Amino acid sequence: MSTGTDDGTAYRGRMRRSVPTLTVLALSGLLALTGCTSTSGGGDDAASPVTTPPAPTPPAGGTPAPPPPPPPAACEGGQLIDVDDVQELQQALDEAQAGQVIRLADGRYEGNFAASAIATADAPIRLCGNRNAILDGGDIDGDYTLHLSGAAFWQVTGLTVTGGQKGVMVDAGVGNRLEGLLVTSMGDEAIHLRLDSTDNVVMGNTVRDTGLRKPKYGEGIYVGTAESNWCQISDCRPDRSDRNVVEGNDISGTTAEPVDIKEGTSGGTLRGNTFDGSAMVESDSWVDVKGNDWIIEKNTGVATPMDGFQVHEVADGWGRNNVFSGNTAVIDGDGYGVNVAGPKGIRDTTQVDCDNRADGAGSGLSNIECTSS
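According to full-length UniProt numbering, the stretch in the sequence shown is residues 1 to 373, in order.
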């Protein structure tokens, strides 16, 4: 469990507009991944909390998230909008409507981009391209590279997202899909679902080299908000970023947890991801689970300072009713495959199935008895 609780600049209910007037720079060859580097210090801005409706009471039982929706369509069809420079891209984001396909030409788009349009499940907005179409947020002490702010039913696929303080931030987003992205080399975390972002899918992405600004904030995928930041982010109440699916992502080079599931979140699924903790310096497990009613299944991890997965109670009533099944943890050290830390209420409501594996775990599969199927 890391000590980092930086959830970023408080949400202000507005899109960011800090896009420089630069044209696309030509690329040659494939993008090369950079290694982790040392970080510089920095702080986050303070801002007024957002007034939002009260969250519902957490469910009493374990309710798994629904299965992910079908894969998005190819980067074509619909109302196709081709863009090849920064100005065209931000204009397309500003004016986006349901059913549009915003297709990026290969090139480097330098700036901090934002979108807030609301589409529908039947007519999503697609922002797409290939790995040679690069959103570059620049300074790792700066802003978010891509910010979906109140956006609904966007499909962001195929692109490279690099630089900036944070890679992709989703605030108050519903039904969005982030898929097939390369998210690399940012100041803090790579992908963050926050401020009651619900029913989103984060699938098949490659995450590399986070925490270049502050290692303790260098998570790969982050869901929710730390209790210590609820008053800054979510009007002093839990951030109910619920029913999100995180599936099939390849995460390595993170300085903190590859996945951090915060207190206040419920009903999500973490499935089929791969973790390599070789670069972790500010955490002792691949996954911290502090929310309720999460399904954690069929994930595989290697190289951890201590445990594979940890469960914690950070806020009263949270960290309960989570289920671990079919995970493979290559520990090769003193820790557990699944360490259920905290009070008896956490241990009594966590299920660790016996089909989990903890190879080379000096302490064994778990500190609670496993459940046979």
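Ideal Cβ placement from N, Cα and C applies to all residues, glycine included. Everything numeric in this text was worked out from a predicted model, so none of it was measured.
**Asked** Hey, would you say Val259 sits closer than 8 Å to Val245, going by beta carbons?
**Response** On the sequence shown, position 259 is the one that residue 259 refers to. On the sequence shown, position 245 is the one that residue 245 refers to. No, these two residues do not count as a Cβ contact at 8 Å.
**Message:** If contacts are defined as beta-carbon pairs under 8 Å, then residue 458 and Tyr336 qualify, I think. What distance do you get, rounded to the angstrom?
**Reply:** Given a span of 1 to 373 for the chain in the structure shown, any question on residue 458 remains unanswerable.
**Request:** Could you give the DSSP three-state label for Ala55: helix, strand or coil?
**Result:** Locating residue 55 in the sequence shown gives position 55, counting from the first residue. Residue confidence for Ala55 is low, a pLDDT of 35 falling below 50, so the modelled location carries little weight; the figure read from the coordinates is stated next. Of the three classes helix, strand and coil, the one that applies to Ala55 here is coil, per DSSP.
**Message:** For the alpha helix (DSSP H) containing Cys231, name the first residue and the last one.
**Reply:** Indexing the sequence shown from 1 puts residue 231 at position 231. Trp230 to Ile233 is the extent of the alpha helix (DSSP H) around Cys231.
**Request:** Kindly indicate the opening and closing residues of the alpha helix (DSSP H) around Val314.
**Result:** Within the sequence shown, numbered from 1, the residue matching residue 314 stands at position 314. Note, Val314: premise wrong, no alpha helix (DSSP H); not H, not E.
**Message:** Considering only DSSP beta bridges, list what Thr328 is partnered with.
**Reply:** Within the sequence shown, residue 328 is the residue found at index 328, counting from 1. Beta bridge pairing from DSSP links Thr328 with Thr300 and Arg357.
**Nearest to Ala105 (by Cα), restricted to the options Asp82, Glu369 and Pro124** = As a position in the sequence shown, residue 105 is number 105, starting the count at 1. Measuring from the Cα of Ala105, the nearest candidate turns out to be Asp82.
**Asked** Under the three-state reduction of DSSP, which class applies to Gln351: helix, strand or coil?
**Response** For the purposes of this step, residue 351 is identified with residue 351 of the sequence shown, where counting begins at 1. Correct three-state label for Gln351: strand.
**Asked** Ends of the beta strand (DSSP E) at residue 376?
**Response** This structure cannot settle anything about residue 376, because the visible part of the chain is limited to 1 through 373.
**Asked** So who's on the other strand from Ala152, going by DSSP bridges?
**Response** Stepping through the sequence shown from its first residue, residue 152 is reached at position 152. In the DSSP output, where bridge partners are listed per residue, Ala152 has Ile118 and Val174.
**Request:** With a threshold of 16 other CB atoms inside 10 Å of the CB of Glu263, please say whether the residue is buried or exposed.
**Result:** Numbered from its first residue, the sequence shown carries residue 263 at position 263. With 16 or more other Cβ atoms inside 10 Å of its own Cβ, Glu263 counts as buried.
**Request:** State the start and end residues of the unbroken alpha helix (DSSP H) segment that holds Asp94.
**Result:** Residue mapping note: residue 94 aligns to position 94 of the sequence shown, counting from 1. Run containing Asp94: Val86 to Asp94, per the alpha helix (DSSP H) assignment.
**Message:** Checking the sheet assignment: what are the DSSP bridge partners for Val289?
**Reply:** In the sequence shown, counting from the first residue as 1, residue 289 sits at position 289. DSSP, once it has assigned bridges, lists Ile261 and Val311 as partnering Val289.
**Request:** Specify the secondary structure class of Ile368 as computed by DSSP and reduced to three states.
**Result:** If you number the sequence shown from 1, residue 368 lands on position 368. Three-state DSSP puts Ile368 in coil, outside helix and strand.
**Spatial distance of Gly224 from Trp294 (CA atoms)** = Translated into positions along the sequence shown, residue 224 becomes position 224. Translated into positions along the sequence shown, residue 294 becomes position 294. When rounded, the distance between both Cα atoms is 13 Å.
**Asked** How about the stretch 126-142 and the stretch 156-174: do they share at least three Cβ pairs that are nearer than 8 Å?
**Response** yes
**Message:** For a cutoff of 8 Å on Cβ pairs, would you count Ser372 as touching chain B?
**Reply:** The chain inventory of the structure shown lacks chain B, comprising one protein chain alone.
**Message:** Using a Cβ distance threshold of 8 Å, determine whether the stretch 119-126 contacts the stretch 96-111, with at least three qualifying pairs required.
**Reply:** The stretch 119-126 makes contact with the stretch 96-111, as at least three CB pairs between them are under 8 Å.
**Asked** Can you name the residues that DSSP bridges to Gly107?
**Response** Position 107 of the sequence shown holds residue 107. Looking at the DSSP assignment, Gly107 forms a beta bridge with Ala133.
**Request:** Report back the beta-carbon spacing between Asp250 and Thr269 to the nearest angstrom; my notes put them in contact at under 8 Å.
**Result:** On the sequence shown, position 250 is the one that residue 250 refers to. On the sequence shown, position 269 is the one that residue 269 refers to. Between Thr269 and Asp250 the Cβ distance is about 17 Å, and since that is not below 8 Å, they are no contact.
**Prompt:** Over what stretch of residues does the beta strand (DSSP E) that includes Gln79 continue unbroken?
**Reply:** Taking the first residue of the sequence shown as position 1, residue 79 is located at position 79. Note, Gln79: beta strand (DSSP E), Gln79 to Val83.
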